[in-house]
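The sequence shown runs 581 to 707 under this note's numbering. Notes follow the structure.
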Amino acid sequence: MPALLVLLVLALFPLQAAAKDNVLPPNAPTSWRKQCTSCHARNGSGQTSLGRMHRAQDFTSTAWQKSRTDAQIRKVIAEGSTKNRMMRGYGKAMSDAEIDELVAFIRTLDPAKSPAPKASTSAQKSK
Ligand code: HEC
């Protein structure tokens with residue numbers, strides 16, 4: 581019965597796409613998995629109901645990646661967002677090293693960087 585087959589394929593495809601879209605990257609720190617994915621989604625896209633409701637940015641967008649410096653990302657994680665209280669600060673609960681790890685991880689979500697890392701242009705800022 582071909583119609584049934586078509587239906588089956590149609591039913592399975594979106595599921596597959598959604599799952600692929602929201603996989604936990606292998607390099608994700610435990611803190612990301614435990615504390616950030618409820619809003620930011622496992623892959624950082626912000627595509628969770630909470631993330632969509634509160635307009636969490638899409639970390640998998642190169643445009644977003646370009647629009648923020650490491651220092652800005654770090655500050656929001658440590659101190660929280662002044663624009664949206666849903667994004668609270670983690671500076672008291674996390675060590676500097678943990679926050680650095682999260683910043684570095686978020687940077688790896690840039691699709692422009694994952695296939696072939698560009699030669700580093702800016703000097704790495706040590707704090
Ligand atoms: C309860 C939901 C929630 C959780 C949990 C959460 N965030 Fe957020 N986050 C948000 C929202 C909403 C925003 C958007 C705030 C804004 O527009 O300024 C945000 C913004 C951010 C930003 C800044 C984005 C930008 O464009 O300036 C970063 C970075 C960030 N979150 C990282 C994290 C990390 C890392 C964790 C885990 C330690 C985390 N968030 C946990 C909801 C959350």
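Beta carbons: idealized from backbone N, C-alpha and C, even for Gly. Since we're looking at a predicted model, the values are computed, not measured.
Rounded straight-line distance, which links the Cα of residue j to that of residue i
i: A692; j: A583; result: 40 Å
i: A643; j: I679; result: 22 Å
i: D690; j: S618; result: 20 Å
i: A636; j: L604; result: 17 Å
i: T640; j: I657; result: 17 Å
i: A649; j: R687; result: The amino acid occupying residue 649 in the given sequence is Thr; Ala does not appear at that position. Distance between the alpha carbons of T649 and R687 is about 10 Å.
Distance cut-off 8 Å: residue i Cβ against heavy atoms of ligand 1
i: N607; result: no
i: A643; result: no
i: S647; result: yes
i: T662; result: yes
i: A636; result: yes
i: L689; result: no
i: R622; result: no
i: L630; result: yes
i: Q652; result: yes
Sequence-distant residues of the same chain with beta carbon closer than 6 Å to residue i, five excluded per side
i: Q615; result: none
i: M666; result: H634
DSSP state of residue i mapped onto helix, strand, coil
i: R648; result: coil
i: G624; result: coil
i: R665; result: coil
i: G671; result: coil
Beta-carbon contacts of residue i that lie in its chain and below 7 Å, excluding the five residues immediately before and after
i: A621; result: N602, Q627, T628, G631
i: F685; result: N607, A608, P609, W612
Member of the options whose CA lies at the smallest distance from the CA of residue i
i: R654; options: A673, V683, K646, E678; result: V683
i: G545; options: S625, S611, P606; result: Given that the chain is displayed from residue 581 to residue 707, the structure contains no residue 545 and the question cannot be resolved.
i: E792; options: G624, Q645, D676; result: An answer regarding residue 792 cannot be provided, because it is not within the stretch 581 to 707 covered by the chain.
CB contact check: residue i to chain C, cutoff 9 Å
i: W644; result: The question asks about chain C, but that chain is absent: this structure has only one protein chain.
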